[in-house]
Each structure stands twice: as structure tokens, then as C-alpha cells.
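J.: I have a structure I would like to understand better, so I am pasting it below and will then ask my questions one at a time.
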Amino acid sequence: MTLERKIVQVYRSTKQDEMYIYVAKEDGLSVVPEALMERFGRGTPAMVLLLDENKKLARTDALSVLTAIRDKGFYLQLPPAKDESLLDLYMTPTQAAY
């Protein structure tokens, strides 16, 4: 399946770190359901991309983004899962030994 190239606007959440919504630039956030926008916040423009299925993205693949925009009008990128083992480093009590 080949999807066409699309100009995509990426918005950063004002309520949760590392949450982004990708939408077609011409649609903007008007296509995002109101319930999701309540959780997402106002949305701050982060970047504009010319996206095709071969574009490299940091945390997702362009084909998934383009398919979601075509089918739902938007793509929601959630923050990465926290690595619990790293949290243990900060919760372990330390004692000075002399």
C-alpha cells in the first residue's frame, strides 16, 4: 500500500510531557475529539513535516502516522514507558559508610 506525501503539523501537549498529536496541516486540531483534547491540553505547535512512508521518525514509523491520519484524522504519540529499574536507583536508600 502506498500513501501519498502529506504536510503534517505536530503539536506538543500542554498537559503531559512527551505526548504529541500529528494532524494534516490543513485540518489542524479541529479533527481531534474533544475528550482527547481535554486530556491533551491546548496543544503547542512543535514542527511541520513533509511526511511520506519512508521518512524516519524518532519513536514511530511514518506509515503508521499517515495511516492513522487518513483513517482517524490524527495520530497520537504517547510518552515512552518508564523503565522501572531506573526508578529503583533513586528509591534505594543510601547510607554513608566510614
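The sequence shown begins at 245 in this note's numbering and counts up by one.
Glycine residues also receive a C-beta, built at the ideal position from the N, C-alpha and C atoms.
1) Here's a check: name, in chain order, each residue in its chain whose Cβ is nearer than 6 Å to the Cβ of L320, leaving out the five neighbours to either side.
2) Given a cut-off of 7 Å on the beta-carbon distance, is the pair V292 and Q253 in contact?
3) What first and last residue would you give for the alpha helix (DSSP H) that runs through V309?
4) Among the residues of its own chain, which have a CB less than 7 Å from the CB of K250, if the five just before and after it don't count?
5) Taking all protein chains shown into account, decide if V201 is buried (16 or more other Cβ within 10 angstroms of its Cβ) or exposed.
6) Would you call S274 buried or exposed, if buried means 16 or more other Cβ atoms sit within 10 Å of its Cβ?
7) With a threshold of 16 other CB atoms inside 10 Å of the CB of A325, please say whether the residue is buried or exposed.
T.: In terms of the structure at hand:
1) Here residue 320 is taken as the residue at index 76 of the sequence shown, counted from 1. Result list for L320: I265, in chain order.
2) To locate residue 292, count along the sequence shown from 1; it is residue 48. To locate residue 253, count along the sequence shown from 1; it is residue 9. Going by C-beta atoms, V292 is nearer than 7 Å to Q253.
3) Translated into the one-based positions of the sequence shown, residue 309 becomes position 65. Counted as a single uninterrupted DSSP element, the alpha helix (DSSP H) harbouring V309 occupies residues 306-316.
4) Indexing the sequence shown from 1 puts residue 250 at position 6. The answer, listed in chain order, is A268, L295, L310, I313.
5) This structure gives no information on residue 201, because the portion of the chain shown stretches from 245 to 342.
6) Position 30 of the sequence shown holds residue 274. Classification of S274: exposed, given that the 10 Å Cβ count is below 16.
7) The sequence position of residue 325 within the sequence shown is 81, counting from 1. Counting Cβ neighbours within 10 Å, A325 comes out exposed, since fewer than 16 surround it.
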